[in-house]
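*Asks:* I have a structure I would like to understand better, so I am pasting it below and will then ask my questions one at a time.
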Amino acid sequence: MFGEALRLGADLADELEAKVSAFGRWLLQAVFASDAAAALDDKTKNPVWQELVRRAGGPTLRISKHMLYVAVRLAAYDKRITDQTWRGLDPGRKELLLPLREDRRLRDAAQHVAKFNLTQTKTTAYVSELLAETGEPVQVRLTAPVLMRRMAKIREALGGAAVLKKVRALHDEMDVKERQALAGEIDKVREVLTAIAREVRGR
């Protein structure tokens, strides 16, 4: 059963990646007249593209804006980067390299990922390291369900009478500096959660 689940999962990933790639190639050709530079322009005024972005995630275009951008950018970079390692890399890991944005960096990163056969998780970490080296902000991939699960895990780990009882016991075990340090970290977490709640509620 486990082996079958792995096989079916791999088939699903292949099918999804193939369809995203095909959609991106179509967008590049039909919407941007095969102009890769125009497709990669964040400030493009292309009316068809703007309308697609507006509708993304809605009832008439049930794919996210993120997926829309990924599809067309993969197609655009495939047109611009002729390196065979980039061309041969699977779309899933190519997507993770997109924050690098520049052709040369994408090509070099693809060669590194292929050479060491990095997993998606390790590819994400590698890209974060490259961005940190140049002081660029690390892009966060976050969806509503993921955020909901993270909040639930925090609540489940720290909520309840048993945790409070243990915290009371810890109070007597810690010295003053430890209590102050821990209280400071709790205040920081509270500030983060308050800011997230503010954004979720729309301020």
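Using the working numbering, the letters of the sequence shown correspond one by one to residues 4 to 206.
Beta carbons are placed, not taken as given, at the ideal position from N, Cα and C, and that holds for glycine.
Quick caveat: nothing in here was measured; it's all calculated off a predicted structure.
Which parts of the stretch 150 to 190 are runs of the alpha helix (DSSP H), unbroken and 4 residues or longer, counting only runs that do not cross its ends?
*Replies:* Listed in chain order, they are 164 to 176.
*Asks:* For a quick check, are the C-beta atoms of Glu207 and Gly95 less than 8 Å apart?
*Replies:* Nothing about residue 207 can be reported from this structure: the residues present for the chain run from 4 to 206 only.
*Asks:* Counting pairs of beta carbons, one from the stretch 182 to 202 and one from the stretch 128 to 136, are three or more of them closer than 8 Å?
*Replies:* With a cut-off of 8 Å, the stretch 128 to 136 and the stretch 182 to 202 do not count as touching, because too few Cβ pairs lie within range.
*Asks:* Which of helix, strand or coil does DSSP assign to Gly61?
*Replies:* Three-state result, Gly61: strand.
*Asks:* Helix, strand or coil for Lys82, going by three-state DSSP, please let me know.
*Replies:* In this structure, Lys82 counts as helix in the three-state DSSP scheme.
*Asks:* Report the CB separation of Ala42 from Ala8 in whole angstroms; it is logged as a contact under 8 Å.
*Replies:* That pair is no contact at about 37 Å.
*Asks:* Would you be able to state if there are at least three C-beta pairs under 8 Å between the stretch 28 to 45 and the stretch 81 to 88?
*Replies:* Yes, the stretch 81 to 88 is in contact with the stretch 28 to 45.
*Asks:* Going by DSSP in three states, Lys46 sits in which element: helix, strand or coil?
*Replies:* In this structure, Lys46 counts as coil in the three-state DSSP scheme.
*Asks:* Is the beta carbon of Leu101 less than 8 Å from the beta carbon of Val73?
*Replies:* Yes, the Cβ-Cβ distance between Leu101 and Val73 is below 8 Å.
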